[in-house]
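Participant: My questions will all concern the structure given below.
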Amino acid sequence: MLEWLVFLLPVAALSGWLLARTHYQQNRRHKESPFSPEYFKGLNYLLNEQPDKAIDVFIRLLEVNSETVETHLALANLFRRRGETERAIRIHQNLIARPTLSQQQRTNALIELGLDYMSAGVLDRAELLFLELLEQSPPPIEAIKQLLRIYQQEKNWQQAIEMAERLPADNKNNSATMIAQFYCELAEHVIDKDSKAVPALLKQAHAHDPQCVRATLIEANMYIEAGNFRKALKTLQRVEQQNIHYIPEALPNLLKCYQQLNTIDAFQTWLTQLLQRHPNMTSVRLMLAKVIQQQNGEQAAQDFLYQQLQQYPSIEGLQTLIQLGQETNPILVPLVKNITSELIERGDRYSCKHCGFAGKTMHWHCPGCNRWGTVLPTEIHLSSLEKLLEPSQ
Ligand SMILES: [Zn+2]
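For the sequence shown, the working numbering assigns the number 14 to the initial residue and increments by one for each residue that follows.
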């Protein structure tokens, strides 16, 4: 109820002002109501929660004045957002049937009708409608975007690629990473049935996005399956340049390759150098500890981790260290104490149950999602460890 008032009052105020102004300019002496009786009738139906009758009134109004198109679009939009898609569809279909509509207005109404179909879940009808809109020149971007959405939902990657390629240049950066992902989806789909097709798909992925780690990981997997560990290794080593954050995804297969090639010592060197370049990477530190254990024994691995954890504390490191040695080793006590106090000091105490925003102080109004009363005091949990890896403010 309140929603209708919020929506209608500005509309009423604005159209009243416009009508009054025109009226005043035309005839300064007349003092009639600026609203048509029909408008009040429509308003009344809405206020009495009889939206279907209100729609009838509005549709009749439209025949009188095609300048109310925007109002109708807004009204239909409101219906759609309330989940009343049938009413939205009715208004939009009626709009489209008006011969007085401009080309742009008709296109907008068709797009909105397509969106109604999407929220009603009739994707095939939405698809047909948007495909028809594509025949326009230039095709409306919204139609391309919606088709892209449909094809992603349907996991129709080939057609998703075609749509993403039709997006205008200012969307290109974004769409290039997306297209690369679609090629990876295609590659993963055919890998078991037609592995010969995979290299070409991965090549396409990297042609669109040279930084696509996923394509690199798939490529390395193929080499490993084929027993070509040298090539797999070379491929996996590219991940550092592509995006260092994905290194943890490559580490298990890197270990496999070095083991198969009998060059674990080279792996140890590589990891040591990588850790020098990126000292915050806990996953690399743990892998190095594992390799040291294999190469130089448990004591050496313990010494390495113990020394590393003083400077780069992590729960995972601590756990590995405990597993490596005697659980009752008194040397662990100060380390456990340090790491836990660091956690308590640096961890976030509050988090939003709606959007996940986390912070150190209480916010009754969440800065992340602007909701009230969704931020709660929380127990210190593992996600706060990420903060430990960043330099403290
Ligand atoms: Zn929030």
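Just so it is clear, CB atoms sit at the ideal spot from N, CA and C, and this is done for glycine as well.
(1) Tell me whether the beta-carbon of L74 lies closer than 8 Å to the beta-carbon of A122.
(2) Since L389 is in the beta strand (DSSP E), which residue starts that stretch and which ends it?
(3) Give a single yes or no on whether H367 has its beta carbon closer than 7 Å to a heavy atom of ligand 1.
(4) Check the DSSP bridge columns for C365 and list the partner residues they point to.
(5) With respect to the alpha helix (DSSP H) encompassing Y130, which residues constitute its N-terminal and C-terminal limits?
(6) Return the CA-CA distance between T229 and E148, expressed in angstroms with no decimal places.
(7) Within the present structure, is the beta-carbon of G386 separated from the nearest heavy atom of ligand 1 by less than 7 Å?
(8) Taking the C-alpha atoms as reference points, what is the distance between H219 and R103?
(9) Going by DSSP, what residues sit across from A371 in a beta bridge?
(10) Do you know how far the Cα of M131 is from the Cα of G240?
(11) When you compare the CB of T84 with every CB in chain D, is at least one pair closer than 8 Å?
(12) Using the rule of at least 16 other Cβ atoms within 10 Å of the residue's Cβ for burial, across every protein chain shown, is N266 buried or exposed?
(13) Can you determine whether any heavy atom of ligand 1 sits closer than 7 Å to the C-beta of C382, and answer yes or no?
(14) Where do the ends of the alpha helix (DSSP H) carrying N234 lie?
(15) So, are the CB atoms of L318 and L337 less than 8 Å apart?
(16) If you follow the alpha helix (DSSP H) that C382 is in, where does it begin and where does it stop?
(17) Suppose you measure from the CA of K366 to the CA of M375; what does that come to, to the nearest Å?
(18) Output the distance between the C-alpha atoms of G381 and L180, rounded to the nearest integer angstrom.
(19) Decide if H9 is buried, meaning its Cβ has at least 16 other Cβ atoms within 10 Å, or exposed.
(20) Taking buried to mean at least 16 other C-beta atoms within 10 Å of its own C-beta, is H105 buried or exposed?
(21) Is the Cβ-Cβ distance between K269 and I231 less than 8 Å?
(22) With a threshold of 8 Å, are at least 3 pairs of Cβ atoms found where one atom belongs to the region 326-337 and the other to the region 302-317?
(23) Going by Cα to Cα distance, which pick from S208, D205, K209, L215 is closest to C197?
Facilitator: With the given structure in hand:
(1) no
(2) 388-390
(3) yes
(4) V388
(5) 116-133
(6) 37 Å
(7) no
(8) When rounded, the distance between both Cα atoms is 46 Å.
(9) S364
(10) Rounded to the nearest angstrom, the gap between the Cα atoms of G240 and M131 is 47 Å.
(11) The chain labelled as chain D is not found in the depicted structure, where only one protein chain is given.
(12) buried
(13) yes
(14) Counting along the chain, N234 sits inside the alpha helix (DSSP H) bounded by residues 226-238.
(15) Yes, these two residues count as a Cβ contact at 8 Å.
(16) No alpha helix (DSSP H) contains C382, which DSSP labels as neither H nor E.
(17) 13 Å
(18) 30 Å
(19) As displayed, the chain neither begins before 14 nor continues past 406, which places residue 9 out of reach and without an answer.
(20) Burial call: buried.
(21) Between K269 and I231, the CB-CB gap reaches or exceeds 8 Å.
(22) Of all C-beta pairs linking the region 326-337 to the region 302-317, three or more are shorter than 8 Å, placing the two stretches in contact.
(23) L215
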